[in-house]
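Engineer: Taken in order, these protein sequences are the chains called W and Y. Residues in the first sequence are numbered consecutively from 15, following the numbering used here. Residues in the second sequence are numbered consecutively from 4, following the numbering used here. No residue lacks a Cβ here, since even glycine has one placed at the ideal position from N, Cα and C. Quick one: the structure is below, and I'll ask about it shortly.
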Amino acid sequence: MIVPIPPLYEAPAQPLLEVANLSVSFPSEAGPVAAVRGLSYRVSPGEVLGIVGESGSGKSVSSLAVMGLLPPRARVAGSIRFRGNELLGRTDKELSSLRGNKISMIFQDPLSALTPVYTVGDQIAEAVEIHRKVSKKAALDRAIELLTLVGIPEAPRRATAFPHEFSGGMRQRAMIAMAIANDPDLIIADEPTTALDVTIQAQIIEVLRTAKKATGAAIVMITHDLGVIAGFADRVAVMYAGKPVETGAVDDVFYRPRMPYTLGLLGSLPRLDLGNRVPLTPIEGDPPSLVHLPPGCPFAPRCPMRLEVCERAEPELIPMPASGVAHSTACHRSAEIEEKSLTSADIFPAAQASEQPANRIPRDQRPTVLELAGMVKHYPLVKGSIIRRRTGTVYAVDGISLDIREGETLGLVGESGCGKTTTIMEILSLVPPESGKIVVLGKDTSVISGPERFEVRREVSVVFQDPLASLDPRMPIADILAEPLETHGVPASVRSGRIAELLKTVGLRPEHAGRYPQEFSGGQRQRIGIARALALQPKLLILDEPVSALDVSIRAGVINLLQRLKTELDLSYLFVAHDLSVVRYIADRAAVMYLGKIMEIGHVDQVFDLPSHPYTQALLSAIPLTDPRMERARRRIILRGDLPSPANPPSGCRFRGRCQKFADELDDVRRRRCIEEQPLLTVQGAPGADHRAACHYAEAYAVLKDVAG
Amino acid sequence: MTAATGISKSDSRGRLVLRRFLRRRLALFGLLMVVLFFGFAYVGPDFYKWNYNQLDPAAFLEPPSASHWFGTTQNGFDMFAQTMRGMQKSLIIGLVGALLSTAIAALAGAAAGYFSGWTDRGIIALIDLLLVLPGFLIIAILSPLFQRRTWLIFVVLLAAFQWMITARVVRSMTLSLKEREFIHAARFAGVSNWKIILRHLLPNMSSFLVIDATINVSSLILAEVGLSFFGFGVQPPDISLGTLINDHWQAAGTQDGYQFYFPAILLVALVLCVNLVGDGLRDALDPNAGMGAPR
C-alpha cells in the first residue's frame with residue numbers, strides 16, 4: 015500500500031534529506047518495541063531542523079536509521095532519501111562513502127565517540143583521508159585548521175594530544191571538527207550538549223553556529239532541551255511515542271502550540287526569567303510503553319482534553335487550518351485549541367501554592383536549621399601504594415559559609431566539579447569538617463556524640479539524583495520505606511500504616527507497596543525516594559539534583575510535589591542543582607558555587623534579576639530560554655575556557671581566568687587586585703540587603719533583561 | 004538508549020530469569036541429571052537389594068549383572084551400592100564446601116571493600132597468603148588431623164583454600180556498589196554497617212554468588228576426589244568417589260575394568276552436569292556476560 019506523504023512543510027523543490035513513513039522496531043522479550051512509527055520530515059539545504067522529544071520518543075533511533083547505524087536486529091521500513099537517493103537497503107560499504115563525507119554525525123558522549131589510543135589530530139586527519147585523496151601531511155594540516163575553527167587554542171600543539179587529555183567541552187569541539195572535516199551537506203547532532211555544563215553548552219552552540227556558517231550544512235538537531243532548540247532551529251518537530259505530534263516553524267510551535275503535549279511540555283518548564291510567577295503545569299502520568307501500544311492517540315491517557323474518539327483513532331499529522339502547511343499537528347482537537355487560543359494553563363491543572371506557616375515570621379527571627387561556617391574539604395592526591403606520598407590537594411570545598419532558616423529553600427547551584435556534591439556529603443556524614451563548622455539543627459558536628467548523631471539522622475534526610483540508583487533493586491517498596499523506620503525503632507505495628515500514608519503523601523497508591531523499584535517509572539521512583547526521605551518526619555531535606563535525571567514532562571510534577579510537601583510538612587530544603595531555572599522556581603534564596611567557593615548568595619530574585627558577580631551573569635546568560643524571539647535577540651556572555659582543575663586553582667579570585675570582566679573591562683592595575691587578593695562576600699545593593707557577591711568589582715547587571723534592539 | 008524504555012516491566016525478575024534458564028536446553032538437561040544423581044545417590048539404595056557394606060559371598064569379582072548392576076568387587080561388595088554411597092559423600096562435600104566457601108568469600112570480600120582501610124589491607128594480605136600456599140599439600144599434611152574424626156573438618160579445609168578469588172571479585176564489586184546512592188541513603192538514615200552489607204550489598208551481587216557457588220560445587224568435588232585418591236581426603240570406613248577410584252584404578256584396562264569405569268564416568272558426568280547448570284544460571288542471571296547474548 016502506498017501511503018501518501020503528508021506535506022509537512024513548504025519545502026523547496028529539492029529537499030536535502032527526505033524521510034518518509036520511517037518506522038523502526040526492535041524485537042524484545044515482551045514483543046516488538048515500536049521505537050519509530052511513521053516519521054516523515056524534510057530538510058532543505060542549509061536549514062536547521064530541531065527534533066524534540068523525551069527519552070523513548072524515538073528521536074535518536076530515527077537519526078541512527080538515517081546514518082544506517084542501527085543494530086542488525088532492528089527492523090526498518092519506509093524511505094530515507096538523501097538528495098533523491100534512497101538510503102534504506104544500501105550496504106554498509108555504500109553508506110560508508112556517504113557517512114562522514116556528505117552526512118556526518120555528532121554524538122552525545124564525546125568521550126566514547128573518540129578512540130582513546132589515537133591523538134585527536136590523527137583522528138580528524140583520518141576522517142579527511144578516508145574520503146579525500148590527500149597526503150598525510152595535508153590531512154593533518156586540515157585537522158589543525160579545523161581545530162582552530164572550532165576554537166581550540168594552540169591547535170597545532172593540541173592536535174597531538176589524546177582524547178583523555180581534553181576536557182568534555184574540548185572533546186565535543188573535536189567531534190564537531192571531525193564532523194565538518196569533509197564539508198558535509200548534513201550534520202546530525204544527537205543531544206550534542208546534554209552531557210555538558212551550561213557555560214560549555216553555550217560555547218558548543220556557538221561552535222555549531224560557526225560550523226554551520228563555514229560549511230553551509232543543514233543541521234538536524236536532536237535534543238530534549240526546548241531551550242536549545244528555541245534559539246538554534248528554524249523548524250521543530252515534536253515527537254511523542256515514536257511519532258511526530260507537532261511540526262512547524264520554531265515561532266509557530268513555541269508561541270502557538272496546538273497539540274496538548276507540546277502545550278504541556280512548554281508549560282511544565284520553569285522559566286528562568288519569570289521564576290515562580292508562572293505556575294508549572296505538569297503532565298500527569300508517564301509516556302506509554304512502546305511494546306503494545308493501544309489504538310488511538312498515544313498521548314490520550316495523559317491528556318486532559320481527551321475525547322472518546324482519541325482512544326479509538328490515532329490522529330494523523332495534518333496541517334493546521336489557519337497556519338497552513340507550515341504548521342501541522344496530530345490531534346483531534348487542534349482546531350478547537352487554535353480557535354480558542356488555549357494555553358497550557360487552560361488545559362492542564364496548575365498546582366496551587368499555599369504559604370508556609372513559617373514564612374509569616376521574618377527570616378531572622380526563625381531558627382536556623384543548617385549552618386555552615388568556613389567549611390573546608392580537601393582531598394589529598396597520593397601516589398604509591400605501600401609508602402604513600404601526598405603529591406597535591408584537591409580543594410573540593412574551600413571555606414564556604416551559608417545558613418538555612420526554618421521553612422526556607424536554599425538553592426545551591428554550580429557546574430560539575432564546583433563542590434556541590436562534596437558539600438552535601440560532608441553535611442550528611444555528620445562528621446567534624448577539616449576546618450570550619452557544620453551545625454545541623456543546633457548540633458555542632460564537631461562536638462556531638464555517637465547517639466546524638468544517630469538522633470540527628472532522624473531530622474535530616476536526603477533525596478538523590480538518580481531515582482533508580484537510590485533505591486535498592488532487590489527490595490520491594492514497602493521494605494525500602496520501612497528501613498529508616500525500623501532503624502530508628504518504630505514498632506512494626508505502626509510501620510505498615512506509616513508506609514501507606516507516605517505513599518499517599520507522594521501521590522502513589524498504597525497497593526503498590528509490594529512492587530519492586532524496576533516496576534515504576536522514573537518519576538514514580540523519585541517519588542518513592544522522596545517518601546523514604548520523609549519517613550521519619552525530618553525537618554531538613556537535602557535534595558541532590560532531584561529532578562535533573564527526569565524527563566521534562568515528569569519534572570514539573572515532582573517540583574510541584576516538593577513545593578507542596580514543603581508547605582504541608584513545614585520542611586526546609588537544601589536544593590542542589592545545576593539547572594538554574596528550577597532553582598529560580600523553587601528556591602527562596604540561592605547560592606552560586608564555583609571551584610569550592612560561594613561566588614554569590616542572596617534572595618533568589620536579587621541573584622537572578624540583578625546578578626552582581628560576573629560568573630552568575632555568565633551562567634544566567636548561558637542558559638537558553640524557551641522563547642525563540644528573546645533567545646535570538648539576547649546578548650550572550652560566552653565564557654572562555656573550561657573549569658580549572660580544583661587541584662590547582664588560580665591565585666586570588668578563582669574565576670579570573672574565565673572572567674569576562676577581568677578580560678575585557680579591567681585595566682592592569684585593577685586586574686592586579688583580582689590576581690593577588692581573594693575577594694570576600696560583600697553586601698550588594700542597599701546595606702543589609704540579602705544579597706552578597708564575592709567580586710572586587712561587583713556590579714549589578716540584569717542579564718536576563720538585556721535584549722539587543 | 005531510546006528503545007530500552009519500551010521494554011515491558013510487567014515481568015518480575017525471577018520469572019524472567021526462569022524463562023531465560025528454561026530456554027537453555029543444555030542447562031536444563033544438566034539440572035535434570037544432577038537431580039537424578041541426587042535421587043539415585045540418596046533414594047536409590049533404599050530400593051536396591053544390596054547395601055554398600057554388605058558382602059555377597061556368592062559373588063566375587065562378578066561383572067555387571069541383573070543382580071549386581073555394576074558388578075562386585077574382589078571382596079564381594081556390590082559396586083552399585085558402593086558407588087551410590089561414594090556419590091552421596093562427594094555430593095554432600097561439594098555442596099557444603101561450595102556454600103561455605105562462597106559464604107566466606109562474600110563476607111570477607113564485602114567487609115574488605117566496605118570498610119576499606121586496615122580491614123581491607125588485612126583481608127587482602129590473607130587472601131594473597133592463601134593464594135600462594137599450596138592448598139593440596141597443606142590439606143595432605145593436615146590429613147592425620149581428621150583421620151578417624153568427622154569428614155566435616157575436611158570440608159572446612161577444602162573451603163578454606165577455595166574462597167580467595169571469589170572474595171577478590173566480591174571486594175571489587177563492593178567497591179563500586181558502595182558508591183551507589185541507595186547505599187548512601189541507608190548510611191545517612193543511620194543503618195549499621197553490617198546490616199548494610201547483609202541487606203543491601205550481598206543481595207545485589209546474589210546472581211554472581213549463586214553462579215559462583217554452583218561452579219564451586221564441581222571444583223570442590225574434583226578437589227575432594229583428588230585428595231581422596233591419594234588417601235588424604237575421605238578416610239575409610241567412609242567412601243567417596245575418590246576412594247573408590249583409588250581402590251580400583253588398577254582394574255582399568257583389564258577385564259575387571261568396570262570397577263573403575265563406573266565411578267570414574269559418574270564423576271565426570273556429575274561435574275559436567277553441575278557445570279552445565281552453572282553456565283545456564285550465569286546466562287540466565289546475567290545475560291550480558293560474555294557468551295550469554297540472547298539468540
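Are the region 388-395 of chain W and the region 345-355 of chain W touching by the rule of at least three beta carbon pairs closer than 8 Å?
Structural biologist: In short, these stretches do not touch, since the Cβ pair count stays below three.
Engineer: If you run the structure through DSSP and keep just helix, strand and coil, what is W:R89?
Structural biologist: For the purposes of this step, residue 89 of chain W is taken as residue 75 along the first sequence, with counting starting at 1. Residue state, collapsed to three classes: strand.
Engineer: Apply the 10 Å Cβ neighbour rule to W:Y608 and answer buried if 16 or more other Cβ atoms are within range, or exposed otherwise.
Structural biologist: On the first sequence, position 594 is the one that residue 608 of chain W refers to. Counting Cβ neighbours within 10 Å, W:Y608 comes out buried, since at least 16 surround it.
Engineer: Along the chain, where does the beta strand (DSSP E) that runs through W:S37 open and close?
Structural biologist: Translated into the one-based positions of the first sequence, residue 37 of chain W becomes position 23. Run containing W:S37: L31 to F40, per the beta strand (DSSP E) assignment.
Engineer: What number of angstroms, rounded off, separates the C-alpha of W:V524 from the C-alpha of W:G299?
Structural biologist: Here residue 524 of chain W is taken as the residue at index 510 of the first sequence, counted from 1. Here residue 299 of chain W is taken as the residue at index 285 of the first sequence, counted from 1. Checking the sequence, you will find Pro at residue 524 of chain W rather than Val. Looking at the two C-alpha atoms, the distance is approximately 17 Å.
Engineer: Could you give the residue range of the beta strand (DSSP E) that holds W:R56?
Structural biologist: For this step, residue 56 of chain W is matched to residue 42 along the first sequence. Where W:R56 is concerned, the enclosing beta strand (DSSP E) stretches over V47 to V57.
Engineer: Pair every Cβ in the region 301-316 of chain W with every Cβ in the region 582-593 of chain W, then say whether three or more of these pairs are closer than 8 Å.
Structural biologist: Touching, no.
Engineer: Relative to the alpha-carbon of W:Y715, which residue among W:G655, W:R643, W:D681 and W:L633 has its alpha-carbon at the smallest distance?
Structural biologist: One-based indexing of the first sequence puts residue 715 of chain W at position 701. If we check each option's Cα against that of W:Y715, W:L633 comes out closest.
Engineer: Starting from Y:F41 and walking both ways along the alpha helix (DSSP H), at which residues does that stretch end?
Structural biologist: Stepping through the second sequence from its first residue, residue 41 of chain Y is reached at position 38. R28 to Y45 is the extent of the alpha helix (DSSP H) around Y:F41.
Engineer: Hey, quick one: how far does the alpha helix (DSSP H) through W:T640 stretch, first residue to last?
Structural biologist: Here residue 640 of chain W corresponds to residue number 626 of the first sequence, with the count starting at 1. No alpha helix (DSSP H) contains W:T640, which DSSP labels as neither H nor E.
Engineer: So with CB distances below 8 Å, who are the chain Y contacts of W:F589?
Structural biologist: The count along the first sequence starts at 1 and reaches residue 589 of chain W at position 575. Under the 8 Å cutoff, chain Y gives no residues; its nearest Cβ is about 17 Å from W:F589.
Engineer: What would DSSP say about W:V62, mapped onto helix, strand or coil?
Structural biologist: Sequence index remark: in the first sequence, residue 62 of chain W carries index 48 (1-based). In the structure shown, W:V62 sits in a strand (DSSP, three-state: E or B).
Engineer: Beta carbon of W:V90, beta carbon of W:L83: below 8 Å?
Structural biologist: Here residue 90 of chain W refers to the residue found at position 76 of the first sequence. Here residue 83 of chain W refers to the residue found at position 69 of the first sequence. Contact: no.
Engineer: Could you pull the start and end residues of the alpha helix (DSSP H) that Y:K198 belongs to?
Structural biologist: By 1-based counting over the second sequence, the position of residue 198 of chain Y is 195. Residues N196 to I199.
Engineer: Give the single residue among W:E422, W:R285, W:H627 and W:C667 whose Cα lies nearest to the Cα of W:K580.
Structural biologist: Sequence index remark: in the first sequence, residue 580 of chain W carries index 566 (1-based). Comparing Cα positions, the closest option is W:E422.
Engineer: Within a Cβ cutoff of 7 Å, which residues of the same chain sit near Y:V20, ignoring the five residues on either side of it in sequence?
Structural biologist: Counting from 1 along the second sequence, the entry for residue 20 of chain Y is found at position 17. Cβ neighbours of Y:V20 beyond the five flanking positions: A287 and L288.
Engineer: For the alpha helix (DSSP H) that contains W:I351, what are its first and last residues?
Structural biologist: By 1-based counting over the first sequence, the position of residue 351 of chain W is 337. First-last of the alpha helix (DSSP H) with W:I351: S348 to K354.
Engineer: What residues from the region 184-196 of chain Y come within 9 Å of chain W, judged by C-beta to C-beta, listed N to C?
Structural biologist: Those would be E184, F185, I186, H187, A188, A189, R190, F191, A192, G193, V194 and S195, in chain order.
Engineer: On the DSSP bridge assignment, give the partners of Y:D81 in chain order.
Structural biologist: Here residue 81 of chain Y is taken as the residue at index 78 of the second sequence, counted from 1. Answer by DSSP bridge pairing, in chain order: Y:T75.
Engineer: Chain Y partners of W:F541, CB-CB under 7 Å?
Structural biologist: Walking along the first sequence from the start, residue 541 of chain W turns up at place 527. First, the residue type needs correcting, since residue 541 of chain W is Arg and not Phe in the sequence shown. Per Cβ cutoff of 7 Å: no residues; W:R541 is ~15 Å from chain Y at best.
Engineer: Please compile the residues from chain Y whose C-beta is within a distance smaller than 7 Å of the C-beta of W:S484.
Structural biologist: Locating residue 484 of chain W in the first sequence gives position 470, counting from the first residue. Ordered by position in chain Y, the residues that pass the 7 Å Cβ test against W:S484 are E184, F185 and A188.
Engineer: Taking CB distances under 8 Å as the criterion, tell me whether Y:M4 reaches chain W.
Structural biologist: As a first step, residue 4 of chain Y must be located in the second sequence, where it is residue number 1. Because Y:M4 sits at a pLDDT of 34, beneath the cut-off of 50, its placement in the model cannot be relied upon, and the following sentence gives the value as read from the coordinates. True, the Cβ-Cβ gap to chain W drops below 8 Å.
Engineer: Between the region 665-679 of chain W and the region 440-460 of chain W, do three or more beta carbon pairs fall short of 8 Å?
Structural biologist: Contact fails: fewer than three Cβ-Cβ distances are below 8 Å.
Engineer: Is the beta carbon of W:A203 less than 8 Å from the beta carbon of W:I166?
Structural biologist: Start at 1 with the first residue of the first sequence, and residue 203 of chain W comes out as number 189. Start at 1 with the first residue of the first sequence, and residue 166 of chain W comes out as number 152. The answer is no: Cβ separation not under 8 Å.
Engineer: Over what stretch of residues does the alpha helix (DSSP H) that includes W:P170 continue unbroken?
Structural biologist: Looking up residue 170 of chain W in the first sequence gives position 156. Segment A169 to R172, the alpha helix (DSSP H) holding W:P170.
Engineer: So the alpha helix (DSSP H) W:I689 belongs to, where does it begin and stop?
Structural biologist: Here residue 689 of chain W refers to the residue found at position 675 of the first sequence. Unbroken alpha helix (DSSP H) run through W:I689: D682 to E690.
Engineer: Compare the C-alpha of W:I158 against each of W:R172, W:G655, W:R146 and W:E220 and name the closest.
Structural biologist: Locating residue 158 of chain W in the first sequence gives position 144, where the first residue counts as 1. Measuring from the Cα of W:I158, the nearest candidate turns out to be W:R172.
Engineer: Is W:H306 buried or exposed, if buried means 16 or more other CB atoms sit within 10 Å of its CB?
Structural biologist: Working through the first sequence from its first residue, we reach residue 306 of chain W at position 292. Its Cβ having fewer than 16 others within 10 Å, W:H306 is exposed.
Engineer: Please classify Y:S195 as buried or exposed, where buried requires at least 16 other C-beta atoms within 10 Å of its C-beta.
Structural biologist: Looking up residue 195 of chain Y in the second sequence gives position 192. With fewer than 16 Cβ atoms within 10 Å of its Cβ, Y:S195 is classed as exposed.
Engineer: What separation, rounded to the nearest whole angstrom, lies between the Cα atoms of W:A591 and W:T174?
Structural biologist: Locating residue 591 of chain W in the first sequence gives position 577, counting from the first residue. Locating residue 174 of chain W in the first sequence gives position 160, counting from the first residue. Each residue's alpha carbon lies about 36 Å from the other.
Engineer: Taking the straight line between their C-alpha atoms, what separation do you get for W:L101 and W:E328?
Structural biologist: To locate residue 101 of chain W, count along the first sequence from 1; it is residue 87. To locate residue 328 of chain W, count along the first sequence from 1; it is residue 314. If I take the Cα positions, the gap works out to 28 Å.
Engineer: Does the distance from the CB of Y:L273 to the CB of Y:I224 come in under 8 Å?
Structural biologist: Against the second sequence, residue 273 of chain Y aligns to sequence position 270. Against the second sequence, residue 224 of chain Y aligns to sequence position 221. Yes, they are a contact pair.
Engineer: In this structure, how does DSSP classify W:D417 when only helix, strand and coil are distinguished?
Structural biologist: Position 403 of the first sequence, counting from 1, holds the residue named residue 417 of chain W. Three-state DSSP puts W:D417 in a strand.
Engineer: Provide the residue span of the beta strand (DSSP E) that contains Y:A143, from first to last.
Structural biologist: Position 140 of the second sequence, counting from 1, holds the residue named residue 143 of chain Y. From DSSP, Y:A143 is part of no beta strand (DSSP E) but of the alpha helix (DSSP H) over G138 to F149.
Engineer: Since W:L442 meets chain Y, which of its residues come closer than 9 Å, beta carbon to beta carbon?
Structural biologist: By 1-based counting over the first sequence, the position of residue 442 of chain W is 428. Per Cβ cutoff of 9 Å: H187, R190 and F191.
Engineer: Compute the beta-carbon to beta-carbon distance between W:R529 and W:I491, rounded to the nearest angstrom, for a pair I have assumed lies under 8 Å.
Structural biologist: Against the first sequence, residue 529 of chain W aligns to sequence position 515. Against the first sequence, residue 491 of chain W aligns to sequence position 477. The Cβ separation is near 6 Å, so the contact holds.
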